[in-house]
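In the working numbering, the protein residues as written are 9 to 280.
Input: a single structure, listed below in structure tokens.
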Ligand code: IPD
Ligand code: CA
Ligand code: CA
């Protein structure tokens, strides 16, 4: 059954990715409300393509998709779909974005497929079946010390209005590691941790569709996925810490030690 779910998730993610490439560079962009929170016709068209695959095969499953919200009757299967993760990148023709199709079974991330159509990279995983990139097994990195590591994070759309904007954490880890990247696509950030290109990822302000697929990939590639304090990962918490496992305690410890930036660095002051 899991293999079938993985195969359908793959078909869906590939269908979404094909739409993204067909629209690339030709889209109208509008803001959803908050500064910088963009949506394009490609987000919506990719979502339709993904939903039509899932609904054709699993009409009884519940679906949470970024652009159309929650639909379907109660079910132990909940699909969490981001039709275009990295919309800001996409809108600027910065080629780092993906379609992401995750499946929670009884609330647990169990199947994940992320497709980067620019590089034609297909990341797949299901609980107990391992993780692959273009059908080849992948594993997390072996970096065991922060000073050997390359991390990645992101900044949620509410960063303009909250002091809890992740800027202090970004500075903190920039001083402890070989670097901190801001990829701009949380699903791909997680996929890159899974295949060992990056050693760890943390972010706040995320939605279930940003994390569901990637969480399965990291876990199945041998990494760890938890809350910042290493307690159990909760898909509705908005926060995730994912790593190669070896760095998990160090990243968690440092995340909990971060001091807020001085008031002059807060958004209110920056806007004056
Ligand atoms: C966003 C990206 C970004 C992250 C934001 C997400 P979207 O998703 O994953 O990397 O920092 O928090 O909302 O809007 O491009 O689907
Ligand atoms: Ca997203
Ligand atoms: Ca999106």
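Glycine is no exception: its CB is placed at the ideal position from the N, C-alpha and C atoms.
It should be emphasised that the depicted structure is a prediction, and the values quoted were computed from it without experimental measurement.
Check	Outcome
Beta-carbon proximity list for residue 115, same chain, < 8 Å, skipping 5 on both sides	86 and 243
The stretch 131-148 touching the stretch 157-171, judged by at least three CB pairs closer than 8 Å	no
Heavy atom of ligand 3 within 7 Å of residue 90 beta-carbon	yes
Rounded separation between residue 154 and residue 142 - CA only	29 Å
For residue 262, the first and last residue of its enclosing alpha helix (DSSP H)	256-265
Any non-hydrogen atom of ligand 1 closer than 7 Å to residue 194 Cβ	yes
Those residues which DSSP pairs with residue 70 across a bridge	86
beta-carbon residue 217 near ligand 2 non-hydrogen atom, thresh 7 Å	yes
Nearest-angstrom Cβ-Cβ length linking residue 221 and residue 94, presumed shorter than 8 Å	Actually they do not touch by this definition, with Cβ atoms about 14 Å apart.
Any non-hydrogen atom of ligand 2 within 7 Å of residue 51 CB	no
Beta carbon of residue 228 nearer than 8 Å to that of residue 88	no
Residue 5 CB to nearest heavy atom of ligand 2 below 7 Å	Because the chain is modelled from 9 through 280, residue 5 falls outside the range shown and cannot be assessed.
Exposure label - residue 105; buried when at least 16 CB within 10 Å	buried
Residue 177, enclosing alpha helix (DSSP H) - first and last residue	175-184
Pairwise C-alpha distance: residue 202 and residue 55	24 Å
Through-space distance from residue 91 to residue 259, alpha-carbon basis	30 Å
Burial state of residue 48, where buried means 16 or more other Cβ atoms lie within 10 Å	buried
Cβ-heavy atom distance, residue 262 to ligand 3, below 7 Å	no
CB contact flag (residue 145, residue 223, <8 Å)	no
Any alpha helix (DSSP H) of 4 or more consecutive residues that is wholly inside the stretch 212-246	216-228
Candidates 231, 185, 9 and 96: closest to residue 65 by CA position	9
Outcome for residue 183 when other beta-carbon atoms lying within 10 angstroms are tallied against a minimum of 16	exposed
Straight-line Cα distance separating residue 180 from residue 250	17 Å
Own chain residues within Cβ distance below 6 Å of residue 187, not counting five before or after	158
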